[in-house]
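Peer 1:
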Amino acid sequence: MFQMFKDWFWLERFWLPPTIKWSDLEDHDGLVFVKPSHLYMTIPYAFGLIIIRHFFEKFIASPLAKTIGIKEEIRKKITPNTVLENFFKHSTRKPSQTDIYGLAKKCNLTERQVERWFRSRRNQDRPCRMKKFQEACSEYSCFPQPLLPSQYWYYILEMSFYWSLLFSLGSDIKRKDFLAHVIHHLAAVSLMSFSWCANYIRSGTLVMILHDVADIWLESAKMFSYAGWKQTCNTLFFIFSIIFFISRLIIFPFWILYCTLILPLQYLEPFFSCIFLNLQLMVLQVLNLYWGYFILKMLKRCIFTKNIQDVRSDDEDEYEEEEVEEEEEEKEEATKGKETDGLKNGLGANRHLIPNGQHGC
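For the record, in the sequence shown the residue sitting at position 56 is 56 according to the UniProt record's numbering, with numbers rising by one throughout.
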């Protein structure tokens with residue numbers, strides 16, 4: 001049964017142009033061709049990259065962050081409360097005033113205490129700048145052809161990198177475009193695997209280069225943004241935007257997609273692997289348009305407010321506002337406490353004083 005499925009899965013009419021057979025892709029005359037079995041190595045390499053990333057973040061990214069002014073944030077611990085915790089996890093993170101009133105009665109707390117508990121609890125889940133800096137610091141044709149050593153390592157390391165991103169999605173910061181990231185990583189792994197097995201190395205290499213060339217500028221801009229270097233961040237983000245729009249919204253659709261989707265029709269009939277390859281490339285282009293929309297919003301914000309902030313994380317503004325409110329409340333309480341202590345101390349030092357109008361005869 002397994003052998004029958006394997007024979008069906010690797011049918012030449014699915015993977016290769018009509019004039020090409022698997023026997024043509026066997027190594028010969030000093031030429032080396034790709035083999036699907038090469039992809040097995042990407043899984044252990046992916047776990048290796050995760051280990052390298054862990055030590056990189058700990059011993060390089062963290063000291064670098066402290067050097068440029070990013071400090072570890074000490075979060076205020078909240079008082080454990082089973083009722084409020086269950087409501088937070090299973091109902092809503094932001095209770096209405098009616099909910100707050102009911103919870104206050106149920107927990108024998110004041111409404112103000114319940115509001116502060118939920119505000120502090122939400123801040124517990126907010127990713128700190130150090131974590132975001134570490135992540136930013138650690139990231140970053142349709143006919144078969146012979147395989148070059150540089151292409152082999154580029155493919156293997158790129159696929160291992162995307163596997164490592166998929167494996168670490170659970171521990172990474174979740175933004176509003178989390179689902180788009182999952183789709184992008186899956187599409188990237190699928191596209192690279194398929195282009196490798198079908199021997200479309202040239203197309204795959206060009207697609208990877210076009211999508212890698214802008215990423216380093218974006219991650220650099222994020223790092224300087226977290227460090228508070230706004231002018232440097234803005235400059236790097238403008239460079240990233242220019243490269244992004246040229247590489248992903250001009251070169252990719254009008255050159256790469258044209259060469260993989262339009263030109264082959266002039267020489268041969270459409271076949272499965274070519275159609276499937278182009279479907280994946282079009283999914284990738286839809287994601288590029290999606291992120292292009294966010295980039296335009298960020299550019300608009302930068303031009304009119306002179307400040308770039310990741311629009312995928314608009315809720316961070318709210319977190320910061322809540323932290324400010326909490327700090328103001330703590331200062332207010334501290335001030336009241338000092339006034340109370342001062343009053344007590346004053347009475348303690350002048351116990352012989354008698355209120356006006358109550359003098360003895």
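Glycine included, each C-beta is placed from N, C-alpha and C at the ideal position. Nothing here was measured: the structure is a model prediction, and the numbers come from that model.
1. Can you grab the Cα-Cα spacing for the pair Phe87 / Arg126, in whole Å?
2. Using C-beta distances below 8 Å, list every residue in its chain close to Ala214, excluding the 5 sequence neighbours before and after it, in chain order.
3. Comparing alpha-carbon positions, which option in Leu261, His211, Trp196, Ala227 lies nearest Tyr40?
4. In this structure, how does DSSP classify Leu169 when only helix, strand and coil are distinguished?
5. Can Val283 and Leu147 be called in contact, C-beta distance under 8 Å?
6. Within 10 angstroms of the Cβ of Thr79, are there 16 or more other Cβ atoms? Answer buried if so, exposed if not.
7. Skipping 5 residues on each side, what residues in its chain have a beta carbon closer than 6 Å to that of Trp15?
8. Around the Cβ of Asn108, are there at least 16 other Cβ atoms within 10 angstroms (buried) or fewer (exposed)?
9. To which residues does DSSP link Leu31 through a beta bridge?
10. My guess is that Ser164 and Leu49 are in contact by the Cβ rule of under 8 Å, so how many angstroms apart are they, rounded?
11. Please list the terminal residues of the continuous alpha helix (DSSP H) segment that includes Val213.
12. Buried or exposed: where does His90 fall if 16 or more other Cβ atoms within 10 Å of its Cβ makes it buried?
13. May I ask which residues mark the beginning and end of the alpha helix (DSSP H) holding Gly69?
14. One question on the structure: do Ala187 and Gln280 come within less than 8 Å of each other, judged by their Cβ atoms?
15. Using the Cα positions of Pro264 and Leu11, report the straight-line distance between them to the nearest angstrom.
16. Hey, is the segment 45-62 in contact with the segment 153-161, meaning 3+ C-beta pairs nearer than 8 Å?
Peer 2: Based on what the coordinates show:
1. The residue given as residue 87 occupies position 87 in the sequence shown. The residue given as residue 126 occupies position 126 in the sequence shown. Their backbone Cα atoms lie some 18 Å apart in a straight line.
2. Counting from 1 along the sequence shown, the entry for residue 214 is found at position 214. Only Phe240, Ile243, Phe244, Ser247, Arg248 meet the Cβ criterion.
3. If you number the sequence shown from 1, residue 40 lands on position 40. Residue Trp196 is the option with its Cα nearest to Tyr40.
4. Locating residue 169 in the sequence shown gives position 169, counting from the first residue. Three-state result, Leu169: coil.
5. Reading the sequence shown from its first residue, position 283 is the one you call residue 283. Reading the sequence shown from its first residue, position 147 is the one you call residue 147. No. Outside cutoff.
6. Counting from 1 along the sequence shown, the entry for residue 79 is found at position 79. Exposed.
7. Locating residue 15 in the sequence shown gives position 15, counting from the first residue. So the list reads Ala198, Ser273, once near-sequence residues are dropped.
8. Translated into the one-based positions of the sequence shown, residue 108 becomes position 108. Counting Cβ neighbours within 10 Å, Asn108 comes out exposed, since fewer than 16 surround it.
9. Stepping through the sequence shown from its first residue, residue 31 is reached at position 31. Beta-bridge pairing links Leu31 to His28.
10. Here the question's residue 164 lines up with position 164 in the sequence shown. Here the question's residue 49 lines up with position 49 in the sequence shown. Correct: roughly 4 Å between the Cβ atoms.
11. Translated into the one-based positions of the sequence shown, residue 213 becomes position 213. Segment: none, Val213 is in no alpha helix (DSSP H) and carries neither H nor E.
12. The residue labelled residue 90 in the question sits at position 90 within the sequence shown. Per the 10 Å Cβ criterion, exposed.
13. Taking the first residue of the sequence shown as 1, we reach residue 69 at position 69. No alpha helix (DSSP H) holds Gly69; DSSP gives it neither H nor E.
14. In the sequence shown, residue 187 corresponds to position 187, counting from 1. In the sequence shown, residue 280 corresponds to position 280, counting from 1. Yes.
15. By one-based count along the sequence shown, residue 264 stands at place 264. By one-based count along the sequence shown, residue 11 stands at place 11. Looking at the two C-alpha atoms, the distance is approximately 21 Å.
16. yes
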